[in-house]
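Single-structure report; data block below.
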Amino acid sequence: MNLYNTDEVSVEQVRTVANGIRRRVLEHTILNKGGYLSQACSSAEIFAVLYTKILKLSKLKAPIVPKPFPGVPGPLNKDYFTGESYHGEKGAAYDRFYLSPSQYSLVMYTALIEVGRMSENGLSDFNKDGSSLEMIGAEHSPGMGLMGGSLGQCISQAAGIALSRKLKGEEGRVFVFLSDGECQSGQFWEAVQCMAYHKLDNMVMYVDVNGYQCDGKTSTVMNLEPFDKRLEAFGARVFRVHGHDIERLAALGKQKPDGRPLFILADTCPYKGIGILKTREPKFHYVRFTKDEEIKDYHLALEKMK
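FYI, the numbering for the sequence shown is 3 to 308, going by this note's numbering.
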């Protein structure tokens, strides 16, 4: 469907987008005998809300058909492009959206399809040699305008862009999607300090706080809590919300700036909508199938979603 950010987009339509994201990611996880599935479970509502209710993006003439990898960027590569074209024009009034944890790339691709910004068949070359639809997306991948680098670095780049936009007097805001585990890094906290100092209230960060990372629970790897209070101590404006509450997620992203960067901490479930995933606790980060019986079980879960 072609959905653009308007007040007429209903909660039910947003929920349909979120469910479509989970279903498509599950399909490709089964097809590839593995994938970043829990990321779709926890973040589907966040992406659905951003693309249908929050982000101010220009309309496209038609869904974009992904092009092959354009080659390494450089002065001699005239064919190079970034994935920001899926977000339309880069005018002063339009928002920018950056994905920090690249393991969520497939979630972004499916979100773009669900709202009519990427071709329905756009995932046919997913994770294939020569394709721009990489499993760990880069700046040329659909929806991505920069390469976040190691986890925790994207927010620093986005802060530089937000500062530039603020100095130019541009109306558009800068949105960043983050995962909780990457917020353990020192560079993340340096960025928050910088953003608060420069009063970058044109920045909005949605953080998927699903409580798990590659090595297990975030609370046992390096506890972030009280996450909201720590961010506030660094000068940020912080709200904590149920991460699958569509209306609340949307309302918080539409608040007027108050001189501080805005963080929306979304407490989510890593197996939301695909209950069979709970059996893998605490190893949710990447699903790898080793037995045919497992694939059959997940096929049944997929059939229930259709």
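Think of the CB as a built atom: it goes at the ideal place given N, C-alpha and C, for glycine as much as any other residue.
Fair warning: this is a prediction, and the values are worked out from it, not measured in the lab.
{"Check": "Straight-line CA distance for Q159 to G145?", "Outcome": "16 Å"}
{"Check": "How about K69: is its Cβ closer than 7 Å to a heavy atom in the ligand SAH?", "Outcome": "Absent from the structure shown: the ligand SAH. Ligands present: none."}
{"Check": "Where are the alpha helix (DSSP H) runs, 4 residues long or more, that stay fully inside the region 190-223, in chain order?", "Outcome": "none"}
{"Check": "Is DSSP giving A164 helix, strand or coil here?", "Outcome": "helix"}
{"Check": "Could you confirm whether any beta carbon from chain C is found closer than 8 Å to the beta carbon of S187?", "Outcome": "In the displayed structure, chain C is absent; only one protein chain is listed."}
{"Check": "With a cut-off of 8 Å on the beta carbons, I'd call G150 and S107 a contact; round off their distance for me.", "Outcome": "10 Å between Cβ atoms; not a contact."}
{"Check": "Just list the residues that DSSP pairs P70 with in beta bridges.", "Outcome": "S133"}
{"Check": "How would you write the range of the alpha helix (DSSP H) that I48 sits in, first residue to last?", "Outcome": "40-51"}
{"Check": "Which whole runs of the beta strand (DSSP E) in the region 255-295 are 3 residues long or more, in chain order?", "Outcome": "264-269"}
{"Check": "Shortest alpha-carbon distance to V27 belongs to which of M137, Y82, E173, K58?", "Outcome": "M137"}
{"Check": "Only counting the same chain, and skipping five residues up and downstream in sequence, which positions put a Cβ closer than 7 Å to that of H142?", "Outcome": "F71, P72, F83, T84, G85, S134"}
{"Check": "Bridge partners for Y100 per DSSP, in chain order?", "Outcome": "V178"}
{"Check": "Measure the CB-CB distance between I266 and L254 and report whether it falls below 8 Å.", "Outcome": "yes"}
{"Check": "My output table needs one value for H244: the three-state DSSP class, helix, strand or coil.", "Outcome": "strand"}
{"Check": "Just the C-alpha distance for A94 and N123, rounded to the nearest angstrom, thanks.", "Outcome": "31 Å"}
{"Check": "With DSSP run on the structure shown, which of helix, strand or coil describes M120?", "Outcome": "strand"}
{"Check": "Where does the unbroken alpha helix (DSSP H) through A95 begin, and where does it stop?", "Outcome": "Premise fails: A95 is in no alpha helix (DSSP H) and is neither H nor E."}
{"Check": "Work out the CA separation of Y288 and R167 for me, nearest whole Å.", "Outcome": "36 Å"}
{"Check": "Buried or exposed: M224, going by 16 or more other Cβ atoms within 10 Å of its Cβ?", "Outcome": "exposed"}
{"Check": "Take N204 and list the residues in its own chain whose beta-carbon comes closer than 7 Å to its own, dropping the five residues that flank it on each side.", "Outcome": "A164, R167, K168, R175, V176, P259"}
{"Check": "Report yes if the C-beta distance between Y100 and V178 is below 8 Å; otherwise report no.", "Outcome": "yes"}
{"Check": "Please go through the same chain and pick out, in chain order, the residues whose beta-carbon is closer than 6 Å to the beta-carbon of A42, but skip the five residues on each side of it.", "Outcome": "I23, R24, V27, V109"}
{"Check": "Leaving out the 5 sequence neighbours to the left and right, which residues in its chain are closer than 7 Å to P284 when beta-carbon positions are compared?", "Outcome": "Y214, G218, K219"}
{"Check": "Would you kindly work out how many angstroms separate the C-alpha atoms of H200 and E172, rounded to a whole number?", "Outcome": "16 Å"}
{"Check": "Considering only DSSP beta bridges, list what R24 is partnered with.", "Outcome": "In the DSSP output, where bridge partners are listed per residue, R24 has none listed."}
{"Check": "Using the C-alpha atoms, what's the distance from F236 back to R262?", "Outcome": "10 Å"}
{"Check": "Is it buried or exposed, R119, if we count other Cβ atoms within 10 angstroms and call 16 or more buried?", "Outcome": "buried"}
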